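Let me begin by presenting the structure, written as structure tokens, before commenting on it.
2 protein chains.
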Amino acid sequence: MATLRDVASAAGVSPATASRALSAPDTVSMAKRHQVIEAAERLNYKPNRSAQALASGQSRHIGLVLPDLANPSFAAIAKGVQAQARGTRYSVLVADTDEDPRAERAIVRDLQTSVDGLVLCSPRMPEEEIRECAAAGPLVLVNREVDGLPSVTFDSAAGVTQALQHLRALGHHRVAYVGGPEASWSDAHRRRALGTVEGVDVVDVGAHRPIHTGGVAAADLALGTGATAILCYNDLIALGVLSRLRTRGVDVPNDISVVGFDDIGAATYVAPTLTTVAIPLTRAGQEATSLLSQVRDTSADGTPVRLPVELVVRDSSGPAPA
Amino acid sequence: MATLRDVASAAGVSPATASRALSAPDTVSMAKRHQVIEAAERLNYKPNRSAQALASGQSRHIGLVLPDLANPSFAAIAKGVQAQARGTRYSVLVADTDEDPRAERAIVRDLQTSVDGLVLCSPRMPEEEIRECAAAGPLVLVNREVDGLPSVTFDSAAGVTQALQHLRALGHHRVAYVGGPEASWSDAHRRRALGTVEGVDVVDVGAHRPIHTGGVAAADLALGTGATAILCYNDLIALGVLSRLRTRGVDVPNDISVVGFDDIGAATYVAPTLTTVAIPLTRAGQEATSLLSQVRDTSADGTPVRLPVELVVRDSSGPAPA
DNA sequence: GGGCGCAATGAAAGCGCATTCAAAAGTTTC
DNA sequence: GAAACTTTTGAATGCGCTTTCATTGCGCCC
């Protein structure tokens, strides 16, 4: 493997000049720059990343920690992070915590030793631990706010309001809310908006796992409330609800309406297609990454970013039954 | 930040001993080992990864390249890689190529400069390019075979056979095959098994994008063949086919049966639930990663691994119409 | 034409660790 | 008790690069 030294001597310059020619081209005369570049290509030179990292103090890696890669919502975030990172010539170290909140802190701290900054998507890590992690290195939160830390969140409260208004306009006055995990920040955030729409009573049917089976389990509870519509913490739950309602012979949307949250791909694969609050997850991944660059470079606090959401009306919501 | 030097002097030993105490504990006397470990904890010492990497020539990172993180199949593989890597104290650098085969080679080569080995999931990269990449560093292929290179694949041919036998048993004698992308290795592999089941005629309806819309488009073609069953390249396509059939008022499974490939989560979310050939994707990610360790450590060729698949019968397949 | 400022260059000093090598200490064997 | 090992230790080297600092060459102005 050719080193920078080799390139330098092949080009007839010092290693210092060779280094500059490759990483700060405009500090070197055109002639030498071309000599170096030519030599580098001829020798098929690839800089040693570890050496660059050690000498410069920058790994050009960013970390991404999330609960579950197989969850389409998190996968969408990962995709956004990844895309934005590549644009800025960074690589992404991904760590899936497997929904294990206890392992999370260790994973984060470990990752922090090898990255320039971290995008943390951890709905359930205690706030105190998050602060600890933030003290150890640049960090941006996704889908969660902690005072004083940079974050990218969604205006889910507005989403809840939009969904409830939509349902009210369809004549629904009693809506069941199927919640997500207890400790989830975004669930808490959404719940606060449940009472904001006049003329709509929201009945809470409790906390549920944010996956299909969680929805299956919740459906019967929701049905039991006598509500004419069900608002779900996320689409996976909503799809579970739809499955169970179908099994029980309850017609959607004629007997009952269902609204989800996220707008994952599967929302359009099912019948009826799912009315849902679309959340720009991929965009959030991008924003978080670009916010992270800012925080790193300027060591500013980083203004929290809040992205707009949008209700997408499909077939699972319809007029309330008479 | 405390360095190894600091720890060493705090423990009253040389840096060499400190280094050994932490990374090769049994080459150091018990007494000194404890002094060092104690000092390291007291100073909150964290080794500098870049320095370790430079000095040892090992980054303890592995790379994972795949076409699309948002695709549940690839996400499942990523999860497996991630899990296995953490078990061996490796971190995973993920690169999503965004289904752009032209960018792929550059991405791979770039990633190879910062990892100890690579898991490559690239259904469409030309074989020649793959060989090039393999020459540049340890590499394991997933869901694809190339002579002489280590790989983890699935016995999809057996899956196709199982699916066709299942359909034949249900009285189907004419089956439409909705193919995946033209250049896809696994599509080619599956096609070879299409003619192996006596008494079942398979009609090829061509190559399609391996996503929902691809299936929507393919459904009409499949219907046009007069087949009584449709076998699809993957579940996403199958779900698209189901959507379109529903729109056209074709009943599944009474009018026509549909079988997919992969067994993604959504296969159970839809109605009818999807009969599909289950592929152990997460396991493949694990196997690939562990195979990569072997290849790295022993510089052996690495025996290709072929994982078994299994037909999961659900509601989308039924007796052929009379 | 001499002094000044600026751009271009190279020598050299690390970045923080692993690892080699030789020396020191401790153990066994006859 | 000495020779022959083995284990434990520290000094020193270098991984491949970036970056500071001093030096050189050069155009420019008065």
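Chains as they are written, first to last, in this note's numbering: chain A, 147 to 468; chain B, 147 to 468.
We treat Cβ as the ideally placed atom computed from N, Cα and C, and that holds for glycine.
Since the model is a prediction, treat every value here as computed from it, not as a measurement.
### Message
Determine, for H354 (chain B), whether the minimum Cβ-Cβ distance to residues of chain A falls below 8 angstroms.
### Response
no
### Task
Following the continuous alpha helix (DSSP H) through G233 (chain A), name the residue where it begins and the one where it ends.
218-233
### Message
Can you tell me where the alpha helix (DSSP H) holding G325 (chain B) begins and where it ends?
### Response
Premise fails: G325 (chain B) lies in the beta strand (DSSP E), 320-325, not in any alpha helix (DSSP H).
### Query
So the beta strand (DSSP E) L453 (chain A) belongs to, where does it begin and stop?
451-453
### Query
Along chain A, in chain order, which residues have C-beta atoms closer than 8 angstroms to that of P218 (chain B)?
A216, P218, A221
### Query
Which residues of chain B have a Cβ atom closer than 9 angstroms to the Cβ of T259 (chain A), listed in chain order?
K192, P193, N194, R195
### Reference G203 (chain A); option with closest CA among A:R442, A:H335, A:L266
A:R442
### Query
Taking contact to mean at least 3 C-beta pairs separated by less than 8 angstroms, is the segment 182-194 of chain A in contact with the segment 210-229 of chain A?
no
### Task
Pick helix, strand or coil for G361 (chain B), following the three-state DSSP scheme.
helix
### Query
According to DSSP, what are the bridge partners of C378 (chain B)?
B:V324
### Task
Assess, as a yes-or-no matter, whether the segment 358-377 of chain A is touched by the segment 316-328 of chain A under the definition of 3 or more beta carbon pairs within less than 8 angstroms.
yes
### Query
Which word fits N289 (chain A), buried or exposed, when buried means at least 16 other C-beta atoms lie within 10 angstroms of its C-beta?
buried
### Cut-off 7 angstroms between Cβ atoms - residues of its own chain near Q440 (chain A), not counting five sequence neighbours on either side
A446, G448
### Task
Could you tell me which residues DSSP puts in a beta bridge with D242 (chain A)?
A:L212
### Where the beta strand (DSSP E) containing G406 (chain A) begins and where it ends
403-408
### Query
Going straight from the alpha carbon of T435 (chain A) to that of Y236 (chain A), what length do you get?
10 angstroms
### Message
Using a 10 Å radius around the Cβ and a threshold of 16 neighbouring Cβ atoms, would you call A154 (chain A) buried or exposed?
### Response
buried
### Query
Residue ranges of each alpha helix (DSSP H) run of no fewer than 4 residues wholly in the segment 270-299 of chain A, ordered along the chain?
273-281
### At least 3 beta-carbon pairs within less than 8 angstroms: the segment 246-264 of chain B vs the segment 407-419 of chain B
By the C-beta criterion, the segment 246-264 of chain B is judged not to be in contact with the segment 407-419 of chain B, since fewer than 3 inter-stretch pairs fall below 8 angstroms.
### Query
Terminal residues of the continuous beta strand (DSSP E) containing E433 (chain A)?
From DSSP, E433 (chain A) is part of no beta strand (DSSP E) but of the alpha helix (DSSP H) over 427-444.
#### Entry: Neighbouring residues, chain A, relative to Y415 (chain B) (Cβ below 7 angstroms)
H358, L385, S389, A412, V416
### Task
Name the one or two DSSP bridge partners that L264 (chain B) has.
B:G209, B:L285
### Task
Compute the Euclidean distance between the alpha carbons of S462 (chain A) and D347 (chain A), then round it to the nearest angstrom.
20 angstroms
### Query
Distance, Cα to Cα, A430 (chain B) vs V451 (chain B)?
9 angstroms
### Query
So who's on the other strand from S237 (chain B), going by DSSP bridges?
Beta-bridge analysis with DSSP links S237 (chain B) to B:H207.
### Task
Report yes or no: is there a C-beta of chain A within less than 8 angstroms of the C-beta of A430 (chain B)?
no
### Message
For L457 (chain A), list the residues DSSP reports as bridge partners.
### Response
Looking at the DSSP output, L457 (chain A) shares a beta bridge with A:V423.
### Neighbour list for R188 (chain A) in chain B, Cβ cutoff strictly below 7 angstroms
Chain B residues near R188 (chain A): none, gap ~17 angstroms exceeds 7 angstroms.
### Query
Taking Cβ-Cβ distances shorter than 9 angstroms, what residues in chain A pair up with R392 (chain B)?
A417
#### Entry: Counterpart residues of D350 (chain B) in DSSP-defined beta bridges
Residue pairing of D350 (chain B) in beta bridges, as defined by DSSP: B:Y323.
### Task
In angstroms with no decimal places, state the Cα-to-Cα distance between E275 (chain B) and L257 (chain B).
Straight-line Cα distance between these residues: approximately 15 angstroms.
### Presumed contact (8 angstroms Cβ cut-off) between I410 (chain A) and P218 (chain A), rounded CB distance
4 angstroms
### Nearest-angstrom Cβ-Cβ length linking Q308 (chain A) and L457 (chain A), presumed shorter than 8 angstroms
Right, their Cβ atoms sit about 4 angstroms apart.
### Task
Please report how far the alpha carbon of V254 (chain B) lies from the alpha carbon of L239 (chain B), in whole angstroms.
Near 11 angstroms, if we compare the C-alpha coordinates of L239 (chain B) and V254 (chain B).
### Query
Looking only at C-alpha atoms, which of B:L313, B:T359, B:R355 sits nearest to L340 (chain B)?
B:L313
### Query
Would you say L239 (chain A) reaches chain B, if we count a Cβ-Cβ gap shorter than 8 angstroms as a contact?
yes
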